[in-house]
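*Asks:*
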Amino acid sequence: MPHLQKLRGTENVNGKNIYSDKSVARKITLKSPTVKGDYSYGSVYGPYLDTAHLAQVRSVVQSFKLNYIRKGMSDYDKVLTAFNYLRSNCRYAYRGWQYNYANTAWGALVYGEAQCSGYARAMKALCDASGVDCRYVHANAKASNPSHQWNQVKVGGKWYILDAQSNGFLLGTNTWIKQAGMSWDTKGLPTCSKTDYKR
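Residue 100 in the UniProt record's numbering sits at position 100 of the sequence shown, and the numbers go up by one each step.
(1) CB-CB under 8 Å to Tyr45, same chain, minus the five flanking residues each way: which ones, in chain order?
(2) Note down, one range per segment and in chain order, each alpha helix (DSSP H) of at least 4 residues found wholly within the UniProt domain "Transglutaminase-like" (108-166).
(3) Quick check on the burial criterion: 16 or more other C-beta atoms within 10 angstroms. Buried or exposed for Leu189?
(4) Please list, in chain order, all residues of the same chain as Val137 whose beta carbon is under 7 Å from its beta carbon, the five residues on each side excluded.
(5) Do you know whose CA, among Trp176, Arg91, Gly172 and Gly168, lies nearest Tyr160's CA?
(6) Do you know offhand how far Ser147's Cα is from Ala93's?
(7) Given this structure, state the Cα-to-Cα distance separating Val155 from Met73, to the nearest angstrom.
(8) Could you give the distance in angstroms between the alpha-carbon of Leu49 and the alpha-carbon of Ala102?
(9) So what's Tyr41 in DSSP terms, helix, strand or just coil?
(10) In the structure shown, what three-state DSSP assignment does Tyr85 receive?
(11) How is Asp185 classed by DSSP in three states: helix, strand or coil?
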């Protein structure tokens, strides 16, 4: 995106700071980081979001990556950063999933209000952009809450449960099943660690 910037005062010319009393207009280009992910209609980030809403999600995700993800960060640090970012910038949508796309990444990342599915879809978008393996998971009929949704993320070569909406960070299946009463179809999903992540 081109911007015009007026410069006045000192300029660096061939390694020397030169004072200039004239005003110079220069064209500069601000680069946005490329982000991985599926921003097409029908995407896991919001299956019925149109291209304008998906573009807004992508913009927020690009900003997140630019401002928070650094070269050389471990997957643990990337996931923790995304988790804390989402927890700090989104609140639970008590009015229901049908208001303000609360069940999509747009609700969580752009509007700042979501239900479990919006948190999980947003976490997937942030992890995809950060290069962390992440899956979107839906509970089955045997769960204490059959409509609940969360993520599975890969950290340190193992998969863990991550539920940003209820503050569940890198949990093992033993904890998730016992404490939350969750059950899900594992077909097509990687096997999670039975124990919580230990750093």
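Here a beta-carbon is modelled for each residue, glycine too, at the ideal position from N, C-alpha and C.
Only a predicted model underlies this, so the values are computations on that prediction, with no experimental measurement involved.
*Replies:* Checking against the coordinates, here is how it stands:
(1) Residue mapping note: residue 45 aligns to position 45 of the sequence shown, counting from 1. So the qualifying residues of the chain are Gly37, Asp38, Tyr39, Leu54, Val57, Thr104, Ala105, Trp106, Arg121, Ala122, Lys124 and Ala125.
(2) 116-130
(3) In the sequence shown, the residue the question calls residue 189 occupies position 189. So Leu189 counts as exposed.
(4) On the sequence shown, residue 137 is found 137 positions in, with the first residue counted as 1. Closer than 7 Å at the Cβ level, and outside the excluded window around Val137, lie Gln149, Trp150, Asn151, Gln152, Trp184 and Leu189.
(5) Position 160 of the sequence shown holds residue 160. The option with the nearest alpha carbon to Tyr160 is Gly172.
(6) On the sequence shown, position 147 is the one that residue 147 refers to. On the sequence shown, position 93 is the one that residue 93 refers to. One C-alpha to the other measures close to 15 Å.
(7) On the sequence shown, position 155 is the one that residue 155 refers to. On the sequence shown, position 73 is the one that residue 73 refers to. About 12 Å.
(8) Here residue 49 corresponds to residue number 49 of the sequence shown, with the count starting at 1. Here residue 102 corresponds to residue number 102 of the sequence shown, with the count starting at 1. Leu49 and Ala102: Cα-Cα distance of roughly 11 Å.
(9) Within the sequence shown, numbered from 1, the residue matching residue 41 stands at position 41. Tyr41: coil per DSSP, three-state reduction.
(10) Looking up residue 85 in the sequence shown gives position 85. Helix at Tyr85.
(11) Counting from one through the sequence shown, the residue named residue 185 turns up at place 185. If DSSP states are grouped into helix, strand and coil, Asp185 belongs with coil.
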